[in-house]
Amino acid sequence: MAITTPMRFRQAIVQALADEMRADSTVMLFGEDVAQAEGPFKTSEGLLTEFGPLRIRDTPISEMGFTGAAVGAAIMGMRPVIEIMFMEFLGVALDQLVTEAAKMRYLSNGKLSVPMVVRASVGSGLGFGCQHSQTLENWVAATPGLKVVCPSDAQSAYSLTRSAIQDPDPVIVLEPRILYAERGDVDTSLVLPIGKARVLRKGNEITVVSLGQMVNVARRAIETSALDVELIDLATVVPWDRETVLTSVKKTGRLIVVEEAPQSGGWGSEIVAAATSELFCQLKGAPFRITTPDVPVPYSGVLEARFVPTADDIARQLIESLKTGTTPKSWWELEGLK
Amino acid sequence: MAITTPMRFRQAIVQALADEMRADSTVMLFGEDVAQAEGPFKTSEGLLTEFGPLRIRDTPISEMGFTGAAVGAAIMGMRPVIEIMFMEFLGVALDQLVTEAAKMRYLSNGKLSVPMVVRASVGSGLGFGCQHSQTLENWVAATPGLKVVCPSDAQSAYSLTRSAIQDPDPVIVLEPRILYAERGDVDTSLVLPIGKARVLRKGNEITVVSLGQMVNVARRAIETSALDVELIDLATVVPWDRETVLTSVKKTGRLIVVEEAPQSGGWGSEIVAAATSELFCQLKGAPFRITTPDVPVPYSGVLEARFVPTADDIARQLIESLKTGTTPKSWWELEGLK
Amino acid sequence: MSAELERRRAVQEDAIAQYERMIEIREFEGQINGLFASGSIRGTTHLCLGQEALAVGLASVLRPTDIVSATYRGHGIALALGLSPESVLGEIMGKTIGCCGGVGGSMHLSNMELGLLPTSAIIGGGMPIAAGAALSFQVRKTDDVAVAVFGDGATNIGAFHETLNLAAIWNLPVVFICDNNVYGEYSRINTTTPLEDLHMRADSYKMPHFALDGMDIAQVQKGVTEAVIRARSNGGPTLIEAKTYRFAGHSRADQALYRPEGELEKWEKRDPIKLTEEALIASGALNPQRIIEIKSEMKTTIEKVVATCQDSPEPNLASMFQNIFTPANVGRS
Amino acid sequence: MSAELERRRAVQEDAIAQYERMIEIREFEGQINGLFASGSIRGTTHLCLGQEALAVGLASVLRPTDIVSATYRGHGIALALGLSPESVLGEIMGKTIGCCGGVGGSMHLSNMELGLLPTSAIIGGGMPIAAGAALSFQVRKTDDVAVAVFGDGATNIGAFHETLNLAAIWNLPVVFICDNNVYGEYSRINTTTPLEDLHMRADSYKMPHFALDGMDIAQVQKGVTEAVIRARSNGGPTLIEAKTYRFAGHSRADQALYRPEGELEKWEKRDPIKLTEEALIASGALNPQRIIEIKSEMKTTIEKVVATCQDSPEPNLASMFQNIFTPANVGRS
Ligand SMILES: Cc1ncc(C[n+]2csc(CCOP(=O)(O)OP(=O)(O)O)c2C)c(N)n1
Ligand SMILES: Cc1ncc(C[n+]2csc(CCOP(=O)(O)OP(=O)(O)O)c2C)c(N)n1
Ligand SMILES: [Mg+2]
Ligand SMILES: [Mg+2]
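Here it is, written out as structure tokens:
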């Protein structure tokens, strides 16, 4: 029987970092306030003490500089992990990931690899306002050469972080900030490979694909709906697990993606489009996405609570779509807000 | 009858800039080598001479600096146009568009607007290698607050550039670099509003949606296929013209998106997903995308010529999909390359 | 003239009003932690306790047509520029009464009438925007100036470098004010920056620069005035380093336990409010009795503001769909 | 030892070999325009004519285990570091014989055995990467160094600023070499940068810095050696400004008509090849006759290289699908 330990999501990250650093002396961590202060979100607690200032480092506020430094260190055989406090800050450093790191192996004729990990906190729900609450998967999603994962609970935070560090190529780990304090049971021997989705609940009527903080909301919705839904935590956004998702949709004939990304341009379009192209004849109803509206993330608690799809929204749309076979209206269309 | 003038795509841009600058003294242009040298792609020929150094300016190599300067100048009532020589260079400045400009109106409670235009050359085909050939629509596509257009010929280069400058909000104009030298007829009185697709060819069997440099390739494919295809130049990527596209798909029952973006994460997923969600019951065959493969843009002429979908590829897939109702294989799947 | 413009004019003209505004800021910031504890505020917030002289000194020197770009640590600057305490606290509480209707929050205060651009939560984000505002003044040939206020930590981000260079080569009417409060988040500036006198970085752009005592409102006024006059008269940009100190932690959660012993106490001896009181008493403009009254009145005022904001309605759902794009097409043709 | 490592060793040891390599670069670059005209090369290309002393001087001082990050203007540095002319020209022609199998092109030469990172086409892009390589040396406690070569124009991009600050605060073993060839594209440096001596910007990071005459290979060797020794012995980074001049236009299409009259001619008097010849003749190491022979031999060699590359096969379609991800999982566990 697997031995599990209860811990918070953020502690699972600390644990994964520590376990990797113990196993491999080339693993190092740097970012703003990750060393002395042990991380703005306490995701590096104890690491400076255990691994010392050569491997655990605070950086100046220079995302381009230290992201690029990770690229260079990785090329030379280190396995740097960097922390981007809020995903938005990659807006000043995206070049180093999309246009440098992702292309380095190609441009070396296969002579080098870039085994770096970028950890970035993402998402809404904590009242951080519109410049600190986006998910922004799309910034990195259409980039051959990058891998992108997103844990949804303490277990996947632990296992995906380890897989990301072990991966020989650049991996971006999107950490839903709202989950840092959540508790879960972690089996440290469980491996979650990159590129593999997690089927969290078996079902035959509808396939729901979700990611990050929406996974739990989708699960609650499914439970209240009392429908026979298969819930897939996509876990890896790039390259996403076509096999698991398409096998499920083949079985259920119905696909709903539940995502925090905006209606326009969110990652879920990729899943819906690919599933439709490949399985058109086997679909029993319109596949669709349940998303956030096309608005900047609002600050007010009242508004922000309504910004992400709620379990009620999702349950309503699950039930209605099963009944009608068509795409139900979003809550803001229902309320005439757009 | 409309009076048209023959000109090159890049000249149409010059003309649009000049016409706007004559009409409005708040319009200005800055970027690297746009003044003295009249633009690395000669898209500002004659402008310094006519409008002088106050309004036409060379900048240092500081994309973050001058993009942000455009945001500030726009807020204060100017209509700055900036030139980003290659779209990739926004990788060092994306913050100013996605996280600043797009949110400014929201964060001022509607008290300010940001009437700026970002012109950025995009795409493959000229042997510029993988750091100077991407289209990267996805960097800006999931951002409420930004508009994104992409001309496909001299006429739309002229008309969309003018509409972009006249627009009160930030607009990004993606200019397919390979088209700069192409000739076309321009009617300077023709207005192409932002958000409106262009139906370039009426048809009843299949709807093809395309963008930028792929529009002409798709047109050639349609002509050789001898099928009754409706060709839509999407023209605006955000907010895309749901009405025109969905009306067409309602009529034809079939949708194919032809795009230069990579198979994973490209903008076409949005169109396929939305059309499927809304029109599922009216579709007669699998909607699908014809894209570039998930590889960095290769340099070699032989490889780059094969990187974008060819007219032959497209024609084959049009014909096959009409016959089978399913999604045909991409050329690299056919050739067993992936 | 709007009430907020009146508030602005007050600090422009009168030393007592300036002192009162400093007290207002001190009182205002003092309320925030309690409001967090009671659940009236969520998210995060960044107090400017100890930095009141810079905020008010700056506001007293500028015109409302000048433009200021500041940061998430912006309550004090907003109040100093004239935003009403209701519109600032209301925004922090996410209420309709807030300057941004509640959709912005603590990190994004703004008021275009008073020249406050939406404050940025991205380090360095506001700097090129300020330069752009200055560019517009230059092209239109007004004599307004733009001011960018940013922290010590911000001097290590690329935008700082690009903006200063651009402003210098274009000779823009902009004043860069580095509010060196010794810390960037939990990092003491000397652990991230090899240089002690940050204003020296202006040499890289052949830009005039100097440091000033940011705890002394008179020094702030003198220094900023010098730079503003240069900017107004086509003399180009200036980099000012205001030496200040952050009396509170970086943000809500932070207790600032990383401070070397005695450091806070040393700086508290130069508390800007204390220094101002001493000066006003010395000049005879105020007496100790009046100071006690002002503080007590201000306490009452701010308590009322809190009550008003707490009673103000929550925004309705429609408000999150507004103000993304400019309505209709207000373009020219 | 591979033939390319032999080529590297040659320039490390011998002044004549260094001179020959400079001639090789000159000859090589001279061929490029013709190859464009004949359609053998597409895209764009950036010649380093006039900058041969910097390339060869640098390569002569470094070890193959040191790491160099350079730019799209990288043919000379690649050849100097030891890449064979076939692997450089082959890459520029997009052939399988190229160092990158033809998928990279002129702007992206690389050879990890010789310590050349893929050159970057993004201004400033390679700078933090070099710092990162230096970081790995520091953590692993080797005494290798990393070198970042970049242009004058690159000193205005944010990455320059962030990288120098990071390298300074971490005391990284990295040498920054600004190849100030007076122009960034079509802009003379003084039109985009208020400072003339760009190395002075290192003062912002308390980093040692100096200028050197980039036309004189002995000066290059002396200056780079000083910085490399400092880096190898834990002395941290240095910023060197090599004063050079770009004899050709910015890229293929550019005729450089924007140059002030007489400027090119003035710099041509200090042609690095001429200066090297004078020095070698003065020291008796070479005579004029031998110089003519070397040039003529090199001409023949490069013509053969052109022929070889022209005969080399085009890549097959499969090659564009390779080397995106590392095959299998070569991770540890
Ligand atoms: C680009 C970017 N990187 C990191 C952060 C996170 N962050 C917020 S405040 C802060 C410290 C800034 O320090 P300083 O510039 O000294 O300003 P202060 O907070 O002291 O006023 C950091 C690192 C950010 N907001 N933006
Ligand atoms: C971020 C970025 N902005 C702009 C460019 C376009 N560009 C290519 S070369 C160049 C000039 C660079 O000048 P300099 O740094 O002096 O190098 P040189 O070409 O003279 O070697 C520019 C602006 C780029 N490649 N990357
Ligand atoms: Mg600070
Ligand atoms: Mg140069």
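Chains A, B, C and D, in that order, give the protein sequences.
Note that our numbering has the first sequence beginning at 1, numbered continuously upward.
Note that our numbering has the second sequence beginning at 1001, numbered continuously upward.
Note that our numbering has the third sequence beginning at 2001, numbered continuously upward.
Note that our numbering has the fourth sequence beginning at 3001, numbered continuously upward.
No residue lacks a Cβ here, since even glycine has one placed at the ideal position from N, Cα and C.
Quantities reported herein were computed from a predicted structural model and do not represent experimental measurements.
Taking all protein chains shown into account, do 16 or more other C-beta atoms lie within 10 angstroms of the C-beta of residue i, making it buried, or fewer, making it exposed?
i: Leu174(A); result: buried
i: Gly49(A); result: Inspection of the sequence shows that residue 49(A) is occupied by Thr rather than by Gly. Exposed, since its Cβ has fewer than 16 Cβ neighbours within 10 Å.
i: Lys1147(B); result: buried
i: Gly3034(D); result: exposed
i: Cys2178(C); result: buried
i: Ser3296(D); result: exposed
i: Gln134(A); result: buried
i: Met3001(D); result: exposed
i: Arg183(A); result: exposed
i: Asp1095(B); result: buried
i: Leu334(A); result: exposed
i: Leu17(A); result: buried
i: Thr43(A); result: buried
i: Asn3165(D); result: buried
i: Ser2233(C); result: exposed
Who are the Cβ neighbours of residue i in its own chain at under 6 Å, not counting the five residues just before and after it?
i: Thr2044(C); result: Ser2251, Arg2252
i: Gly2236(C); result: Asn2171
i: Pro2208(C); result: Thr2238
Mind checking which residues open and close the beta strand (DSSP E) that includes residue i?
i: Arg3008(D); result: First-last for Arg3008(D): 3003–3013, but that is the alpha helix (DSSP H), not the beta strand (DSSP E).
i: Lys2206(C); result: Taken as a continuous stretch (DSSP letters only), Lys2206(C) belongs to no beta strand (DSSP E), as it is neither H nor E.
i: Lys1147(B); result: 1147–1149
Just curious, the alpha helix (DSSP H) that residue i is in, first and last residue?
i: Arg1220(B); result: 1214–1225
i: Trp1316(B); result: Note that residue 1316(B) corresponds to Arg in the displayed sequence, not to Trp. Unbroken alpha helix (DSSP H) run through Arg1316(B): 1311–1324.
i: Cys3309(D); result: 3288–3311
i: Ile82(A); result: Where Ile82(A) is concerned, there is no enclosing alpha helix (DSSP H), although the beta strand (DSSP E) it sits in stretches over 79–84.
i: Ser2110(C); result: Looking at the DSSP string, Ser2110(C) is not in any alpha helix (DSSP H), and its letter there is neither H nor E.
Enumerate in chain order the residues of its own chain whose CB-to-CB distance from residue i is below 7 Å, with the five nearest sequence positions on each side excluded.
i: Ser3312(D); result: Gly3090, Lys3095, Thr3096, Ile3097
i: Ala275(A); result: Val245, Leu246, Val249, Leu255, Pro287
i: Thr4(A); result: Asp185, Val186, Asp187
i: Ser2333(C); result: With a pLDDT of 36 at Ser2333(C), under the threshold of 50, the modelled position of that residue is not reliable, and no figure is offered here.
i: Glu3012(D); result: Reading the sequence as shown, one finds Gln at residue 3012(D) and not Glu. So the qualifying residues of the chain are Ser3060.
Grab me the residues of residue i's own chain with a C-beta within less than 8 Å of its C-beta, minus the 5 sequence neighbours each way, in chain order.
i: Gly1272(B); result: The amino acid at residue 1272(B) is misidentified as Gly; the sequence shows Val. So the qualifying residues of the chain are Leu1255, Val1257, Pro1287, Phe1288, Arg1289.
i: Gly2125(C); result: Ala2159
For residue i, which of the options has the nearest alpha-carbon?
i: Asn204(A); options: Gly65(A), Ser62(A), Leu322(A); result: Leu322(A)
i: Gly1265(B); options: Gly145(A), Tyr106(A), Met87(A); result: Gly145(A)
i: Asp3144(D); options: Glu3027(D), Ala3010(D), Asp3254(D), Arg3063(D); result: Arg3063(D)
i: Ile61(A); options: Leu2116(C), Gly2151(C), Leu2239(C), Gly2132(C); result: Gly2151(C)
i: Ala1002(B); options: Gly1123(B), Asp1187(B), Ala1157(B); result: Asp1187(B)
i: Leu97(A); options: Val122(A), His132(A), Ala235(A), Asp169(A); result: Asp169(A)
i: Ser113(A); options: Leu90(A), Pro80(A), Asp95(A); result: Pro80(A)
i: Arg3259(D); options: Asn3316(D), Thr3225(D), Ala3211(D), Tyr3183(D); result: Tyr3183(D)
i: Met3112(D); options: Gly127(A), Gly72(A), Leu279(A); result: Gly72(A)
i: Leu234(A); options: Val217(A), Gly212(A), Thr252(A), Asp228(A); result: Gly212(A)
i: Arg3021(D); options: Asn3323(D), Ser3319(D), Glu3277(D), Gly3284(D); result: Glu3277(D)
i: Val237(A); options: Ser152(A), Thr224(A), Glu230(A); result: Ser152(A)
At a threshold of 7 Å, does residue i count as lining ligand 5 (C-beta to nearest heavy atom)?
i: Gly2184(C); result: Ligand 5 is not part of this structure, which contains only ligand 1, ligand 2, ligand 3 and ligand 4.
Exercise. Which runs of the beta strand (DSSP E) spanning at least 3 residues fall entirely within the region 2219–2262 of chain C, listed in chain order?
Worked result: 2238–2243
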